[in-house]
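Asks:
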Amino acid sequence: IPEMVSPAIALAFLPLLLTLIIRYRYYFVLFYRAILVRIWKDCVTGLTREERAYQYILTHATPGDPDSILDAFDVWCSKVEFISNIGPKKGKILDRLLMEQSPLTVLELGTHCGYSTVRIARALPLGARLYSVEMDQRNAAIAEKIIRLAGFDDDMVELIVNPSDEVIPRLRSDYGLERLDFVFMDHWKKSYCPDLQMLEGSGLLGKGSMIVADNVLFPGAPKFLRHIRKSGLYEWKIHRATLEYSKGIRDGMAELVYQGIK
Amino acid sequence: MYKLPLPLNKHSINVSFSTVEENEDSTFHKEHERERPRGKRRNGEREKKKRGNGRRKGASKEAGEGEEEMQVRPEKRERGKRRRAKNDQEAKGRERDEEEQTKIKSAKTTKTRKKEKSRKTEEEEGEGESEERNTKRKKKHGSAKKEEKEEDGGKRTVKEKAQDVKKKKHKKVVETSSEQETSEESSEDNEEEDNEEKEVRPESLSPEELEKLKEAVDERKKLIQGLRGKPWPMKKKLVTLRESQEFVEKYEGALGKGKGRKLYAYKVMMTKKWMKFQRDFENFKTACIPWEMKIKEIESHFGSSVASYFIFLRWMYGINMILFGLTFGLVMVPEALMGRPYGSIPRKTVPRAEEASAMDFAVLWDWGGYAQYSVLFYGYYNSQRAIGWLKFRMPLSYFLVGVGTVAYSYMVVIRTMARNANESGVGDDNSFNFSWKMFTSWDYLIGNPETADNKFASITTSFKEAILEEQESRKDDNIHLTRFLRVLANFLVLCCLAGSGYLIYFVVRRSQKFALDGLENHTWWERNEVNMVMSLLGMFCPMLFDVISTLENYHPRVALQWQLGRIFALFLGNLYTFIIALMDEINLKVIIVRQTFTVNITIHPVQEFVRLIISDTMTTYITLLIGDFLRAVLVRFLNYCWCWDLEAGFPSYSEFDVSGNVLGLIFNQGMIWMGAFYAPCLPALNVLRLHVSMYLQCWAVMCCNVPQERVFKASGSNNFYMAMLLVILFLSTLPAIYTIVTIPPSFDCGPFSGKKRMFDVIHETLESDFPAWFSKVFSYASNPGLVLPFILLMVLAIYYLQSTSKSYKEANVELKKKLQTQNEENKKKNKRAALKAQMDLEEARKAASQAAEQQNNNASLQEEESETSQTYHHGNHGAPGYLPGFSRQSEPRMYRVPSLQRH
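Take a look at the structure:
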């Protein structure tokens, strides 16, 4: 049987292969850290990724000190395993926005294991209240522990365990909210657009309310971006940065200021 | 000359000085120069209101002087009253005035703006709308200023009267003119009168007035010329332009006297028509430049670097057109029309064995069968000295065209290089870069919205380029690390080059083995291995180089040049390996030929060459379709149902690969040059390819590419392309020249068959077609003893010219510097002089105003008239007497005016 493709032709593809590997090395690294390592550790330890993170934080952070908890998180995420938190660099942008805005009512969609919740809560003024929505029961339990470990009580941070599309319509009735000053989105990228539309419909957004959405470029929320471009309800910009705990993957954080219908 | 139609109060004066610099200045001077009767002055004020007609009226004023005297009087009285009231006020509340001064100042700016607005509207309004204007003015000033209102009322009546008087006067003028001039002209007058009643006939004017009119026309012309540089709002510019043009049109033709006048008018009209024609012709010429609009559009969106590729492509297309014209017109067509027909001799006939498949597409696609035995290839031509009834010298023509194409290419490339070098040397790109861009980018002649969008995009892109450039120049990094990385990158690239060279060598060796075995025993993959491997390497290695070059951290323009250099090395290596392989194949074939005595061997390698070019073109197009178009389609439409953002994130759209495309083009051209001597069809093929490329790539770039992340200015890279082209030209003509000079043409094919050397054609022609003395002269001229000194002389001349041009360049730079310093000095001097003049003026005016004040205090009603003129005069220059704050305010503007005028 004659061979189908000669080896020389196959060899000619080597530069292409090398190019792809070098150009997309960060993605390969991310794939390795976020998926392969995770599966491996899951099998070995029998714990979920979030539980492992919690264990690390329990042993490495000072209780009652949000900064130390955040630092421990950052170290774990960059050195040990990968969890897609907002990360220190984009976190700084978030901190700045919160300082400028000093909102009193904050809604967070997607608590995950509480990194961003702690980050937001520590930047809030006195008397502000943060509602954090998480869909997954187990993640919520860990997030609750971490939030309490950081020293934020029930009055300051309220964790709502439910999918965001169920929570948003009931915010006014069940939680007695009149207006949201600040919304932080970091849950499923697909839900960005419907949730934003739901928020617009609920009437909770007033003129000047700020919405910050993480990861709008990678993994990316194209529909969300298209919506904010088209709707004309917002003044918006995208803070360009790299993906958390990674150098080469470009990502962005969208900052929207609700202008209302003119 | 646009003065304010408003009464002469302080605000209006301010406005006039700040905005209408030159014109106002000129009137300002005139007012001092001329000692005119008062009535005229008044009239002058009215003149301002009727801008369009102002000049003419000024010229015809003398006629209606008496009437005007009368109607001016009531206004003067009005003015006098106001003045008195003002003085009283001043005496009472000087302190209050001073307190309020600041307030007034702040209010002044808003008022100024209002004034300006009103002025604009007034300019647009005709004469008859004075009433409306007055009401507007009333609104603006508010009812608090009663005096002004009164005055307005007075003025209005005055104006109405004035108009009546004007009409009367006009008729009178017409009468006088008809008396003075011939009857023909008077009839003309009447005609004109029907059209525009208020016009004054130019022919009715005395020579002195004509002179004035001429002056006015000249002034208008000057205004039109300098209009673009005026700091006015667009609307005002347009209005001014239209009015000035109308004015000039109307009176330009009227200048000159008697019979000469008509001729003059005719001349003026013709000049205008000629100018319009020239402008249209320019536009037409621009429209005729092929693909200009396309390239401009691409430039506006993708920056000058991408556009430079397309400009290069167009240039290449032009050259190939000429090459094609030469080969097609002088070689292919004569042979097809007048040469021996197909089938007459063996070299023009498809062998019997191949006849069955000679028309098959697969065979034709490989340039076999009927394609092989046609005018497209060298082997088809025969050595008949003169063909057809024209006695066309076919072999000579073939040889000369071959040499001519190469010579022409050299000439064009070198000339373009020289021109580019000249262009890049002139001009100072670095100083005030951003200011230039900021203030001079917009083209105000753009009339259609699409072009405007493009221009907007292009300005944005050029700003991006400039900012990047600036950033690049300020960057300073760890130099040792950078150096190390650069060395490392070059090492990697070298490894890559060596690897690809070895792979090609290996493949070529293998193909020889296959050829010896007989190609029929091997698969399609193996038969096409060489082409495939070369295309793939040529496609993928540049990508690898690109990735490696990110290590080096060069400025994108420098990076592009490195990239170009590397790909150049790669392609050159590939090409030369391929040629060596071909040579080997020829040797191989020669062995076979000796065994089997088949003919037509020289055709085969050329065919191979043409096939390579075709496969290269195909690869380019397929890469474009798959790599750009398919990718774009996938990214665009898969994005709706993908788990990450394909557009913003990972595969994204592709960028236009300038370096790869440029080199593809250059090497393709190199192959054309190399093969054109043996296959006259190649230029035609290339023209076709370039034409398709232009449309396909233009479409692809606009439809599926995104602008580069780092847009950069392409300046300077053009000559880099040219230099590469020159090298390639040299390298590709080497083999052809080598074969022409050393290898004897095969005995039974080609136009030179039967000759010892190809260039024997020339010898032959000289001997048989020219008189004996000519060949003798030629043989003397080609004597080395004569040629060598001549070459030496040429080298010396080149050296001399080069050194002189260098010194000229230096002198140019020196002169430029000198000019700049002188300019600055002049500016300073002017400023000083203007300041001094201003001071003197101010002093004189103060003295005058003081005198006037005194006079005013003692004045009785009879002296009013003399006073008014004074008031007018004084008001026009900032009214420093009773508002010290304003005199101070207007000062800087006053002295700014002359300095501006001088530039």
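For the protein sequence lines, the chains are A and B, in the order given.
Each residue of the first sequence is one higher than the last, beginning at 2 in the working numbering.
Each residue of the second sequence is one higher than the last, beginning at 143 in the working numbering.
All C-beta atoms in this analysis are idealised placements derived from N, C-alpha and C, irrespective of residue type, glycine included.
Is the separation between the beta-carbon of residue 525 of chain B and that of residue 893 of chain B shorter than 8 Å?
Replies: Within the second sequence, the letter at position 383 stands for residue 525 of chain B. Within the second sequence, the letter at position 751 stands for residue 893 of chain B. Yes; because the gap between Cβ atoms is below 8 Å, this pair is in contact.
Asks: Spell out a yes or no on whether the segment 504 to 520 of chain B and the segment 426 to 437 of chain B are touching, meaning 3 or more CB-CB pairs, one atom from each, closer than 8 Å.
Replies: no
Asks: Thinking C-alpha only, which one of B/557, B/839, B/439 and B/643 is nearest residue 603 of chain B?
Replies: Numbered from 1 along the second sequence, position 461 holds the residue referred to as residue 603 of chain B. If we check each option's Cα against that of residue 603 of chain B, B/439 comes out closest.
Asks: Roughly how many angstroms separate the alpha carbons of residue 371 of chain B and residue 107 of chain A, rounded to a whole number?
Replies: Along the second sequence, read from residue 1 onward, the residue named residue 371 of chain B stands at position 229. Along the first sequence, read from residue 1 onward, the residue named residue 107 of chain A stands at position 106. Whole-angstrom Cα-Cα distance: 55 Å.
Asks: Looking at the unbroken beta strand (DSSP E) that takes in residue 182 of chain A, where does it start and where does it end?
Replies: Walking along the first sequence from the start, residue 182 of chain A turns up at place 181. For residue 182 of chain A, the uninterrupted beta strand (DSSP E) run begins and ends at 181 to 186, by DSSP.
Asks: Does residue 813 of chain B have its Cβ less than 8 Å from a Cβ in chain A?
Replies: Taking the first residue of the second sequence as position 1, residue 813 of chain B is located at position 671. Judged by the 8 Å Cβ criterion, residue 813 of chain B is not in contact with chain A.
Asks: In the DSSP assignment, find the alpha helix (DSSP H) that holds residue 902 of chain B and state where it starts and stops.
Replies: Here residue 902 of chain B refers to the residue found at position 760 when the second sequence is read from its first residue. Taken as a continuous stretch (DSSP letters only), the alpha helix (DSSP H) holding residue 902 of chain B covers 902 to 911.
Asks: Since residue 214 of chain A and residue 225 of chain A are thought to touch, with beta carbons under 8 Å apart, how far apart are those beta carbons, to the nearest angstrom?
Replies: On the first sequence, position 213 is the one that residue 214 of chain A refers to. On the first sequence, position 224 is the one that residue 225 of chain A refers to. With a Cβ gap of about 7 Å, residue 214 of chain A and residue 225 of chain A count as contacting.
Asks: Between which two residues does the beta strand (DSSP E) holding residue 211 of chain A run?
Replies: For the purposes of this step, residue 211 of chain A is taken as residue 210 along the first sequence, with counting starting at 1. Taken as a continuous stretch (DSSP letters only), the beta strand (DSSP E) holding residue 211 of chain A covers 206 to 214.
Asks: Going by beta carbon distance, what residues of the same chain come within less than 8 Å of residue 559 of chain B, once the five residues before and after it are set aside?
Replies: If you number the second sequence from 1, residue 559 of chain B lands on position 417. Annotation for residue 559 of chain B: 861, 864, 865 and 868 place their beta carbon closer than 8 Å to its own, counting only its chain and skipping 5 residues before and after.
Asks: By Cβ distance below 6 Å, which residues in the same chain neighbour residue 538 of chain B in space, the five residues on each side in sequence not counted?
Replies: To locate residue 538 of chain B, count along the second sequence from 1; it is residue 396. Taken in chain order, the residues that qualify are 903 and 907.
Asks: In terms of alpha-carbon separation, which member of B/751, B/659 and B/613 lies closest to residue 673 of chain B?
Replies: Taking the first residue of the second sequence as 1, we reach residue 673 of chain B at position 531. Nearest of B/751, B/659 and B/613 to residue 673 of chain B, Cα basis: B/751.
Asks: Going by other Cβ atoms of all chains shown within 10 Å of its Cβ, with 16 needed for buried, is residue 884 of chain B buried or exposed?
Replies: Locating residue 884 of chain B in the second sequence gives position 742, where the first residue counts as 1. When all chains shown are included, residue 884 of chain B counts as exposed.
Asks: Starting from residue 1 of chain A, trace the alpha helix (DSSP H) in both directions and tell me its first and last residue.
Replies: Outside the shown range of chain A, which is 2 to 263, sits residue 1 of chain A, and nothing can be said about it.
Asks: Roughly how many angstroms lie between the CA atoms of residue 190 of chain A and residue 200 of chain A, to the nearest whole one?
Replies: In the first sequence, residue 190 of chain A corresponds to position 189, counting from 1. In the first sequence, residue 200 of chain A corresponds to position 199, counting from 1. Those two C-alpha atoms are separated by around 16 Å.
Asks: Tell me which same chain residues have a C-beta within less than 8 Å of the C-beta of residue 796 of chain B, skipping the five on either side of it?
Replies: In the second sequence, counting from the first residue as 1, residue 796 of chain B sits at position 654. The answer, listed in chain order, is 769, 770, 773, 774, 846, 847 and 848.
Asks: What does the alpha-carbon distance come out to for the pair residue 142 of chain A and residue 186 of chain A?
Replies: Numbered from its first residue, the first sequence carries residue 142 of chain A at position 141. Numbered from its first residue, the first sequence carries residue 186 of chain A at position 185. So the two alpha carbons sit approximately 20 Å from each other.
Asks: Using the three-state DSSP reduction, which class does residue 386 of chain B fall into: helix, strand or coil?
Replies: To locate residue 386 of chain B, count along the second sequence from 1; it is residue 244. If DSSP states are grouped into helix, strand and coil, residue 386 of chain B belongs with the helices.
Asks: Can the beta-carbon of residue 534 of chain B be found less than 8 Å from the beta-carbon of residue 474 of chain B?
Replies: Stepping through the second sequence from its first residue, residue 534 of chain B is reached at position 392. Stepping through the second sequence from its first residue, residue 474 of chain B is reached at position 332. No, the Cβ-Cβ distance between residue 534 of chain B and residue 474 of chain B is not below 8 Å.
Asks: What does the alpha-carbon distance come out to for the pair residue 652 of chain B and residue 646 of chain B?
Replies: Taking the first residue of the second sequence as 1, we reach residue 652 of chain B at position 510. Taking the first residue of the second sequence as 1, we reach residue 646 of chain B at position 504. Approximately 10 Å between the Cα atoms of the pair.
Asks: Below 8 Å between beta carbons: does that hold for residue 123 of chain A and residue 92 of chain A?
Replies: As a working note, residue 123 of chain A is residue 122 in the first sequence. As a working note, residue 92 of chain A is residue 91 in the first sequence. Result no, Cβ atoms of residue 123 of chain A and residue 92 of chain A do not sit closer than 8 Å.
Asks: Taking only the alpha-carbon atoms, compute the straight-line gap between residue 953 of chain B and residue 941 of chain B and give it to the nearest angstrom.
Replies: Taking the second sequence and counting its residues from 1, one reaches residue 953 of chain B at position 811. Taking the second sequence and counting its residues from 1, one reaches residue 941 of chain B at position 799. Their backbone Cα atoms lie some 19 Å apart in a straight line.
Asks: Am I right that residue 828 of chain B and residue 808 of chain B are in contact with their C-beta atoms under 8 Å? What's the rounded C-beta distance?
Replies: Within the second sequence, the letter at position 686 stands for residue 828 of chain B. Within the second sequence, the letter at position 666 stands for residue 808 of chain B. Between residue 808 of chain B and residue 828 of chain B the Cβ distance is about 12 Å, and since that is not below 8 Å, they are no contact.
Asks: Heavy atom of the ligand ZN less than 7 Å from the Cβ of residue 557 of chain B, yes or no?
Replies: Ligands in the displayed structure: none, and consequently the ligand ZN is not present.
Asks: Between residue 230 of chain A and chain B, is any beta-carbon pair separated by less than 8 Å?
Replies: Looking up residue 230 of chain A in the first sequence gives position 229. It does not; no Cβ of chain B falls within 8 Å.
Asks: Going by the beta-carbon positions, is the gap between residue 133 of chain A and residue 118 of chain A smaller than 8 Å?
Replies: The count along the first sequence starts at 1 and reaches residue 133 of chain A at position 132. The count along the first sequence starts at 1 and reaches residue 118 of chain A at position 117. The beta carbons of residue 133 of chain A and residue 118 of chain A sit closer together than 8 Å.
Asks: Interface residues of chain B around residue 205 of chain A at Cβ under 8 Å?
Replies: If you number the first sequence from 1, residue 205 of chain A lands on position 204. Residues of chain B with a Cβ closer than 8 Å to the Cβ of residue 205 of chain A do not exist, since the nearest Cβ in that chain sits about 27 Å away.
Asks: Given that residue 121 of chain A touches chain E, what residues does it touch there, using C-beta distances under 9 Å?
Replies: Absent from the structure: chain E. Protein chains present are A and B.
Asks: Using three-state DSSP, classify residue 834 of chain B as helix, strand or coil.
Replies: Here the question's residue 834 of chain B lines up with position 692 in the second sequence. The answer is helix: DSSP assigns residue 834 of chain B an H, G or I state.
Asks: Are the Cβ atoms of residue 432 of chain B and residue 403 of chain B separated by less than 8 Å?
Replies: In the second sequence, residue 432 of chain B corresponds to position 290, counting from 1. In the second sequence, residue 403 of chain B corresponds to position 261, counting from 1. In this structure, residue 403 of chain B does not lie closer than 8 Å to residue 432 of chain B by Cβ.
Asks: Label residue 109 of chain A either buried or exposed according to how many other C-beta atoms from any shown protein chain fall within 10 Å of its C-beta, with 16 as the threshold for buried.
Replies: Taking the first residue of the first sequence as 1, we reach residue 109 of chain A at position 108. It is buried - the Cβ of residue 109 of chain A has at least 16 other Cβ atoms within 10 Å.
Asks: Where does the unbroken beta strand (DSSP E) through residue 617 of chain B begin, and where does it stop?
Replies: In the second sequence, the residue the question calls residue 617 of chain B occupies position 475. No beta strand (DSSP E) holds residue 617 of chain B; DSSP gives it neither H nor E.
Asks: Would you kindly work out how many angstroms separate the C-alpha atoms of residue 928 of chain B and residue 536 of chain B, rounded to a whole number?
Replies: Stepping through the second sequence from its first residue, residue 928 of chain B is reached at position 786. Stepping through the second sequence from its first residue, residue 536 of chain B is reached at position 394. Taking the straight line joining both Cα atoms gives about 31 Å.
Asks: Please list the partners that residue 10 of chain A has in chain B, where partner means a Cβ-to-Cβ separation under 8 Å.
Replies: By 1-based counting over the first sequence, the position of residue 10 of chain A is 9. Per Cβ cutoff of 8 Å: 667, 671, 674, 675 and 678.
Asks: Using only CA atoms, which one of B/804, B/716, B/781 and B/682 lies nearest to residue 454 of chain B?
Replies: Taking the first residue of the second sequence as 1, we reach residue 454 of chain B at position 312. With distances taken between Cα atoms, residue 454 of chain B lies closest to B/804.
Asks: Using the three-state DSSP reduction, which class does residue 252 of chain A fall into: helix, strand or coil?
Replies: Position 251 of the first sequence, counted from the first residue, corresponds to residue 252 of chain A. DSSP places residue 252 of chain A in strand when its eight states are reduced to three.
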